[in-house]
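S.K.:
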Amino acid sequence: MTFAQGRPLNALRHAIRFGLFFLLVAAPLFAQEGEPSPADSTTGWVFRWLNFAIVLAALIWALSKAGPYFRSHADEISERIAEGTRAREAAEQKRREAQAKLAGIETEVAAIRTEAKRSTQAETERLRATAKSEAEAIERAAQAEISAAERAANLELKALAARIAVERAEAVLRQEITPQAESALFRTFVAELERSAN
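Each residue of the sequence shown is one higher than the one before, starting from 4 at the first, in the numbering used here.
(1) Can you grab the Cα-Cα spacing for the pair alanine 162 / alanine 132, in whole Å?
(2) Counting Cβ pairs, one atom from each stretch, are 3 or more of them under 8 Å apart for the region 52–69 and the region 20–27?
(3) Helix, strand or coil for alanine 18 per DSSP?
(4) Following the continuous alpha helix (DSSP H) through isoleucine 180, name the residue where it begins and the one where it ends.
(5) Spatial neighbours of glycine 107 within its chain, please: C-beta separation below 7 Å, excluding the five flanking residues on both sides.
(6) Taking DSSP as the reference, what is the three-state secondary structure of serine 44?
(7) Give the straight-line distance between the Cα atoms of alanine 114 and glutamine 124, rounded to the nearest whole angstrom.
(8) Between which residues of its own chain and threonine 181 is the CB-CB distance below 7 Å, once the five residues before and five after are set aside?
(9) Residues in the same chain with beta-carbon distance under 6 Å from arginine 51, minus the five sequence neighbours each way, listed in chain order, please.
(10) If we ignore side chains and look at the alpha-carbon of each, how far apart do phenylalanine 192 and alanine 156 end up?
(11) Quick check: what's the CA-CA separation for tryptophan 64 versus histidine 76?
Below, the structure is given as structure tokens:
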């Protein structure tokens, strides 16, 4: 027998018990009216107290049977309330954390902006210093190249001047040296060689 099949049988048993209980309780009401009421007699009082005891016992029994159901239902409700309370506390904690983060975000944004401005200025200064040092290096290199070019030009100019001077001297000598002067020079040269050899 499954749980679903057992419920109608239990309900039928409870209905039968309740019907019998009702008959026992209501039986004195169905008594005939013409006769003296047995309820006023000692037996009637005993039955009243007995009836009261039966009703009280039935109520106590019904409450004892319903107690675990109500207790489990109350426990389930308490557990759900506790879960709801825990969920609400967790949500409140998250809300407080989010509010704390949002409150601190303006300060963080201001700090980030200040840091970005500071680093931008530092980077600008660094780039300026780098550009200045590179410009100075380029200028020094250009000055060195200019100086080298000047020295090379001076040397070339001197060489050119010396060559031109030699060429003119040769030209002047060719014009001025006659065959007689050439033989006199040759004799002087030979005489000096003889002297130096002695």
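For each residue, glycine too, the CB sits at the ideal point set by N, CA and C.
M.R.: Looking at the coordinates:
(1) 44 Å
(2) yes
(3) helix
(4) Premise fails: isoleucine 180 is in no alpha helix (DSSP H) and is neither H nor E.
(5) none
(6) coil
(7) 15 Å
(8) none
(9) none
(10) 39 Å
(11) 19 Å
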